Amino acid sequence: MNKQELSKKLLYTKKSVYEKTDAKRIEAAFDYAKGYAAYLDAAKTEREAVAVSIEMAQAKGFKPYTIGQPLQAGDKYYYNNRNKNLFLFVIGTEPIEHGIRINAAHIDSPRLDLKPCPVYEDGGMSFFKTHYYGGIRKYQWVATPLSLHGVIVRNDGTPVTVNIGEDDNDPVFYINDLLPHLGHETDKKPLGEAFPGEKLNILIGSRPYDGEAGSESIKLNTLALLYDKYGITEEDFLTAELELVPAFKTRDIGFDRALIGAYGHDDRVCAYPALTAILAENAPRSTLMCVLADKEETGSEGNTGMKSLLLLDLINEISLALGGNPATVRNNSKCLSADVSCAYDPNFADAFEKRNTPMLSCGVVLTKYTGARGKSSTNDARAEYVGWLRGVMDRAGVVWQTGELGKVDGGGGGTVAKYIANHNIETVDLGVPVISMHAPYEVVSKVDVYEAYLAFSAFSRA
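Using the numbering used here, you'd call the opening residue of the sequence shown number 1485 and step up by one each time.
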């Protein structure tokens, strides 16, 4: 064997999807990206993601599930958990004790939430007070057009849906920044201190009620407009769930249109492929489940996050309805924690260890462990499971890569994987590499998104 043959046999070389596939595959990826872009624009919050996902599921024959109802092979159901967390499952033809194939993504993203008493007036302007949600770099949200999404619940329990800033005829909202001529002292501060959370106040008005100046006249006019449109009072904000998100639309990035720029790629770029993968299955061998979870960006707490016992409850109910032992089902189940990874960025090369960082357009990322520094707070998947999944993807022709989240002591992050693995379910992270993760506008590659879909589909059928 000559050197060239030996090198080909023994050495690992990461190649892009463009190098490893053909024009037909690339065309399919670009076409798939159109549906993903529409999903992003329609689902900027977890509530909207649940609503849009249910519409897609119903169009594919999925029906609402009631705990305790009988099940049989071929049944397709969804379980809507409080409009913020969604479970979809398809009953397979194999005995349930062979286990469930689970794809679990999250549908919340970093944003700005309104405080319970948000409206105030100062300096000839009215504002909303906010409390940021998840890990953001605060300076990125200043001087950026924002839209308002969410729900207000009146004291009689009536919900009022709010969506302002997405239509081209809507107003948008804004966080004031200090002009550079007067910003010299701010410029001297560390980036993390220059923009304190309490200054992320949303500009919402400047016109006084009936044109009359006076104490809180501008605030009053703002509240009057809200009352006329939604029938709400200031007290109704006490029981509201309102979020400010970037008002940007999803757009292609670059002359070649090969990248997608949008708010919320983390983690809807994994949620959409996981969702569409299960919607494409009609008569699977294994029972399949897709979980779209809330609260990942704040620790997965609460009854709509992955620390909730609802996943166990549903596995138990499905197992018992099909005559299986829930403990055996969990032991034989396998899960892909569908979450994003960082993509290597040459503009910030010092933050990465290049050999072990995912590269844009090189396929879906298999991440054995996440966590921080000494693998703190992570699920470190065992080699046997990772090897099994490697074989699944190779046989299906999926383009994949591995990687870590930056340098060892550079920071780190976590996913929902550890919470699912704690239930004795084999779990590993698999997702799409992202540029500018957690920014108001993130970037992914169209071919990576499609490879994620192919990976989730291959996993479901393995």
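For each residue, glycine too, the CB sits at the ideal point set by N, CA and C. Given the structure is predicted, the values throughout are model-derived calculations rather than measurements.
{"query": "Three-way DSSP call (helix, strand, coil) for K1818 in this model", "result": "strand"}
{"query": "First and last residue of the uninterrupted beta strand (DSSP E) at K1599", "result": "1595-1606"}
{"query": "Where Y1496 falls, given that 16 or more other Cβ within 10 Å makes a residue buried", "result": "exposed"}
{"query": "Bridge partner(s) assigned by DSSP for C1774", "result": "L1572, N1587"}
{"query": "M1540: first and last residue of the uninterrupted alpha helix (DSSP H) it sits in", "result": "1530-1543"}
{"query": "Given 8 Å, three or more beta-carbon pairs between the stretch 1574-1589 and the stretch 1604-1612", "result": "no"}
{"query": "When S1792, K1891, G1618 are compared against R1566, the one with the closest alpha-carbon", "result": "S1792"}
{"query": "According to DSSP, residues forming a beta bridge with S1929", "result": "L1743"}
{"query": "Sequence-distant residues of its chain with Cβ nearer than 7 Å to L1524 (five each side left out)", "result": "T1734, A1746, G1748, R1752"}
{"query": "G1576 beta carbon less than 8 Å from that of L1772", "result": "yes"}
{"query": "Bridge partner(s) assigned by DSSP for L1630", "result": "F1657, P1730"}
{"query": "Secondary structure of Y1828, DSSP reduced to three states", "result": "coil"}
{"query": "Neighbourhood of K1684 by C-beta distance below 7 Å, restricted to the same chain and skipping five residues each side", "result": "Rather than Lys, the amino acid found at residue 1684 in this sequence is Leu. L1596, T1614, Y1616, K1622, W1625, I1659, listed in sequence order."}
{"query": "Which of helix, strand or coil DSSP assigns to G1667", "result": "coil"}
{"query": "6 Å Cβ shell around I1636 - same chain, five flanking residues per side excluded", "result": "V1644, I1716, D1720, A1724"}
{"query": "Segment limits, beta strand (DSSP E) that includes G1915", "result": "1910-1915"}
{"query": "Backbone CA spacing between P1680 and V1916 [nearest angstrom]", "result": "31 Å"}
{"query": "Strand pairing of L1850, partner residues [DSSP]", "result": "T1886, L1914"}
{"query": "Where E1877 falls: helix, strand or coil (DSSP)", "result": "First, the residue type needs correcting, since residue 1877 is Met and not Glu in the sequence shown. Note: M1877 maps to helix in three-state DSSP."}
{"query": "Beta bridge counterpart(s) of H1615 as assigned by DSSP", "result": "D1597"}
{"query": "Below-8 Å beta-carbon distance, H1590 vs any chain C residue", "result": "Annotation note: the requested chain C is absent from the structure, which comprises a single protein chain."}
{"query": "P1664 Cβ short of 7 Å to the ligand MG heavy atom set", "result": "You won't find the ligand MG in this model; it holds no ligand whatsoever."}
{"query": "Supposed close pair L1570, L1776 - CB separation, criterion 8 Å", "result": "4 Å"}
{"query": "Alpha carbon of A1942 to alpha carbon of G1871, nearest angstrom", "result": "15 Å"}
{"query": "A1822 beta carbon less than 8 Å from that of I1863", "result": "The sequence given here places Asn at residue 1863; Ile does not occur at that position. No."}
{"query": "Given 8 Å, three or more beta-carbon pairs between the stretch 1852-1862 and the stretch 1898-1914", "result": "yes"}
{"query": "Coarse secondary structure for V1900, derived from DSSP in three states", "result": "coil"}
{"query": "Distance between R1857 and Q1542 (C-alpha atoms, nearest Å)", "result": "44 Å"}
{"query": "Simplified DSSP assignment, three categories, for A1764", "result": "coil"}
{"query": "Boundaries (first-last residue) of the beta strand (DSSP E) holding N1565", "result": "1560-1565"}
{"query": "Where T1812 falls: helix, strand or coil (DSSP)", "result": "helix"}
{"query": "Expected contact under 8 Å - CB spacing of T1788 and K1568 to nearest Å", "result": "4 Å"}
{"query": "For L1687, the nearest candidate out of L1632, Y1693, E1696, P1664 (CA to CA)", "result": "L1632"}
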